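Visitor: Here our numbering is used: the first residue of the sequence shown is 474, the next is one more, and so on. We put the beta carbon where it would ideally sit given N, CA and C, even for glycine. On a predicted model such as this, the values are computed, not experimentally measured, just so you know. Sharing a structure below in structure tokens format, with a few things to ask.
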Amino acid sequence: MQKLATCLLILLVSLGVVFLNNGSVARALPFQQTHLAASQKLTDRGGILLAQNLEDNFVTAAVDRAEAAVVQVNVSRSLGADVPDFLKPFLGGGQQVPSSAPVLRGIGSGFVIDPAGVILTNAHVVDKADTVTVSFQDGRILAGKVLGKDPVTDVAVIQVQAENLPKVTIGNSDKVRQGQWAIAIGNPLGLQETVTVGVISGIERSSAAIGIPDKRVGFIQTDAAINPGNSGGPLLNAKGEVIGINTAIIGGTQGLGFAIPINTAQQIAQQLITMGYVEHPYIGVQMLALNPQLKQFINTSPNSGMKVEEEEGILVVQVERRSPAAKAGLRAGDVIQAIDNQRVSETKQIQQLIEKTGVGGDLQIELRRNGKTVALTIQPEQLPTVQAQ
């Protein structure tokens, strides 16, 4: 099955994804601005289409509603923490680190979701940070404590000691549609309270599709300009409601930014606040959605090591040793047809059903193996790499 996994790599495209809490400055060419008079009217065939103050529009209203709750997240990490054990005895005292040890500093964004000092940001913004401070619009800089971070969804929660902070209004990311307005606020390259505008370019973009398969998020795609330092900042709709957390861009491209849907982020944040970690059920398989072209490729490739009879369903490419799937008897080459009596044709359907079942639940699997129908029961377990962060 290792041969098949290697062979199928030629079907995939590797994308360079850049997380947005650091980077270099790209120079912009000079340009000329054209100012419209505030009272200018736009007409068509003599009919007045629009008469309004062009200096004030829905964007300014949306920004006014949210910007006071947007913060800059400042992090630092001493490289002394990475000194190998075998060098520590040479530093004096066995465990000491030189006071002159280099310090890495980074900047990200975040936003207040609770007036009592609860802030949402990205996990990669605060990952391995020794210190976290939060800068507010009113000039205050407060120490922050990371309540928890989840690398699987890239969501983190910070707590500061404050009361009556301005907070954002949360929208409903399940209602986001392509073509709707998208407004990004953040601190790209340390430029505080930067606002950019675009549209929702796509929804439910899988982590694998954008080049970060280790994440479990159906991303919102936008062409609103986002850059290093925007990580953790809010993506707003036209009403000024938060619909996502700005997270990543595809390196070397323009207009390809991605945000974590706020509904997902809120669910993760609640678990981080109450438990300090997030429950991520898994079964331990690598899968591909079958179609006639993939079937032909597998059956004609000398390196595939298997033959497939079905043209629909989910092909099990690899099963991890000692995983829940392996314990239940699932094998590479099996073709999953249904889970809990629901027909499946996309891998994301299976992941959604696994998440819905939860750790310790029962997944009823119907599959095809060597021309026969087989039934299995798999109990998802906690994803091994996810611990309290």
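1. Check Val-670 in the structure and name its three-state DSSP category.
2. Report the rounded CA-to-CA distance for Asn-700 versus Gly-581, giving the unit in angstroms.
3. My guess is that Leu-836 and Ile-812 are in contact by the Cβ rule of under 8 Å, so how many angstroms apart are they, rounded?
4. Nearest-angstrom Cα distance between Ile-771 and Val-847?
5. Just to check my reading of the structure: Val-633 and Ile-592 have Cβ atoms closer than 8 Å, yes? What is that Cβ distance to the nearest angstrom?
6. Check Thr-726 in the structure and name its three-state DSSP category.
7. Between which two residues does the beta strand (DSSP E) harbouring Met-760 extend?
8. Three or more C-beta pairs closer than 8 Å, one from the segment 646-654 and one from the segment 587-604: is that the case here?
9. Which value, in whole angstroms, describes the spacing of the CA atoms of Asn-764 and Asp-647?
10. Can you find at least 3 beta carbon pairs, one from the segment 681-694 and one from the segment 723-742, that sit closer than 8 Å?
11. Go ahead and pull the three-state DSSP assignment for Gln-743.
12. Per DSSP, what kind of secondary structure is Asp-600 in: helix, strand or coil?
13. For Glu-819, count neighbouring C-beta atoms within 10 Å of its own C-beta (all shown protein chains included) and say buried if the count is 16 or more, exposed if not.
14. Who are the near neighbours of Gln-506 in its chain, counting only those whose CB is closer than 7 Å to its CB and skipping five residues on each side?
15. Using the DSSP secondary-structure output, state which residues sit across from Val-546 in a beta bridge.
16. Measuring alpha carbon to alpha carbon, tell me which residue in Asp-603, Val-607, Ile-723 and Gln-855 is nearest Phe-584.
17. Tell me the rounded alpha-carbon separation between Gln-862 and Ile-851.
18. Using only the alpha-carbon positions, how far apart do Pro-797 and Asp-537 sit?
19. Compute the distance between the beta-carbons of Leu-803 and Leu-761, then report whether it is under 8 Å.
20. According to the Cβ coordinates, are Glu-714 and Gln-610 closer than 8 Å?
21. Can you tell me the Cα-Cα spacing of Ala-629 and Leu-745, whole angstroms?
22. In the DSSP output, what is Tyr-755 paired with across the bridge?
23. For Val-668, which residues in the same chain have their Cβ closer than 6 Å to its Cβ, ignoring the five residues on either side in sequence?
24. Would Pro-853 be called buried (16 or more neighbouring beta carbons within 10 Å of its own) or exposed?
25. Mind checking who Asp-587 pairs with in its DSSP beta bridge?
26. Where does the unbroken alpha helix (DSSP H) through Ala-535 begin, and where does it stop?
Guide: Straight from the coordinates:
1. Here the question's residue 670 lines up with position 197 in the sequence shown. Strand at Val-670.
2. Here residue 700 refers to the residue found at position 227 when the sequence shown is read from its first residue. Here residue 581 refers to the residue found at position 108 when the sequence shown is read from its first residue. Computed Cα separation, rounded: 10 Å.
3. For this step, residue 836 is matched to residue 363 along the sequence shown. For this step, residue 812 is matched to residue 339 along the sequence shown. The pair is a contact, with the Cβ atoms about 6 Å apart (cut-off 8 Å).
4. As a working note, residue 771 is residue 298 in the sequence shown. As a working note, residue 847 is residue 374 in the sequence shown. Rounded to whole angstroms, Ile-771 to Val-847 spans 22 Å at the Cα level.
5. In the sequence shown, residue 633 corresponds to position 160, counting from 1. In the sequence shown, residue 592 corresponds to position 119, counting from 1. Sure, about 7 Å apart at Cβ, within 8 Å.
6. For this step, residue 726 is matched to residue 253 along the sequence shown. Note: Thr-726 maps to coil in three-state DSSP.
7. By 1-based counting over the sequence shown, the position of residue 760 is 287. Run containing Met-760: 758-762, per the beta strand (DSSP E) assignment.
8. No contact exists between the segment 646-654 and the segment 587-604.
9. Along the sequence shown, read from residue 1 onward, the residue named residue 764 stands at position 291. Along the sequence shown, read from residue 1 onward, the residue named residue 647 stands at position 174. Approximately 29 Å, taken between the alpha carbons.
10. yes
11. Position 270 of the sequence shown, counting from 1, holds the residue named residue 743. Helix at Gln-743.
12. Residue mapping note: residue 600 aligns to position 127 of the sequence shown, counting from 1. Residue state, collapsed to three classes: coil.
13. Here the question's residue 819 lines up with position 346 in the sequence shown. Its Cβ having fewer than 16 others within 10 Å, Glu-819 is exposed.
14. In the sequence shown, residue 506 corresponds to position 33, counting from 1. Low local confidence applies: a pLDDT of 33 at Gln-506 is under 50, so the model's placement there is unreliable, with the coordinate-based value given in what follows. Here the set comprises nothing.
15. Position 73 of the sequence shown, counting from 1, holds the residue named residue 546. Val-546 pairs with Gly-581 and Val-607.
16. The residue you call residue 584 lines up with position 111 of the sequence shown. Comparing Cα positions, the closest option is Val-607.
17. Against the sequence shown, residue 862 aligns to sequence position 389. Against the sequence shown, residue 851 aligns to sequence position 378. Residue placement at Gln-862 cannot be trusted, given a pLDDT of 45 that sits under 50; what the coordinates show is reported in the next sentence. Using only the alpha carbons, I get a separation of about 27 Å.
18. On the sequence shown, residue 797 is found 324 positions in, with the first residue counted as 1. On the sequence shown, residue 537 is found 64 positions in, with the first residue counted as 1. Using only the alpha carbons, I get a separation of about 50 Å.
19. Looking up residue 803 in the sequence shown gives position 330. Looking up residue 761 in the sequence shown gives position 288. Leu-761 sits away from Leu-803, with the two beta carbons spaced by 8 Å or more.
20. Residue 714 sits at position 241 when you count from the first residue of the sequence shown. Residue 610 sits at position 137 when you count from the first residue of the sequence shown. No, these two residues do not count as a Cβ contact at 8 Å.
21. Your numbering for residue 629 matches position 156 in the sequence shown. Your numbering for residue 745 matches position 272 in the sequence shown. Their backbone Cα atoms lie some 8 Å apart in a straight line.
22. What you label residue 755 is simply residue 282 of the sequence shown in a count that begins at 1. Paired residue(s): Glu-854.
23. On the sequence shown, residue 668 is found 195 positions in, with the first residue counted as 1. When the five nearest sequence neighbours on each side are left out, the beta carbons in the same chain lying within less than 6 Å of the beta carbon of Val-668 are those of Val-536 and Ile-658, in order along the chain.
24. Numbered from its first residue, the sequence shown carries residue 853 at position 380. Burial call: buried.
25. Walking along the sequence shown from the start, residue 587 turns up at place 114. DSSP lists Val-591 as partners of Asp-587.
26. Numbered from 1 along the sequence shown, position 62 holds the residue referred to as residue 535. Segment 531-539, the alpha helix (DSSP H) holding Ala-535.
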